[in-house]
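Numbering (the working numbering), first residue to last: 29 to 105. The beta-carbon is built from N, C-alpha and C at its ideal position, and this holds for glycine as well.
Printed below as a string of structure tokens:
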């Protein structure tokens, strides 16, 4: 019984962190059209960053992934 309880606690903890990652706002890598600079942002509103001001290069699940992608984009150098 105790082993089942411990296994259930671990399963709930793992599922909780996976669900939290799934519902976080993505990090966007974009080019600011007015300056030409590459930027990384996390926008909390509906629809993401303004498409009239930014050219969206991609959306990433974490800041680390977005930063890594920026370093490999030719337009961000």
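Opposing strand residues paired with residue i [DSSP bridges]
i          : result
residue 89 : According to DSSP, which records beta bridges pairwise, residue 89 is partnered with nothing at all.
residue 83 : 59
residue 69 : 56
Buried versus exposed, by CB contacts within 10 Å (16 or more), residue i
i          : result
residue 74 : exposed
residue 58 : buried
residue 94 : buried
residue 85 : buried
Whole-number beta carbon distance between residue j and residue i, since they are thought to touch under 8 Å
i          : j          : result
residue 61 : residue 81 : 6 Å
residue 87 : residue 56 : 5 Å
Extent of the continuous beta strand (DSSP E) to which residue i belongs
i          : result
residue 58 : 55-60
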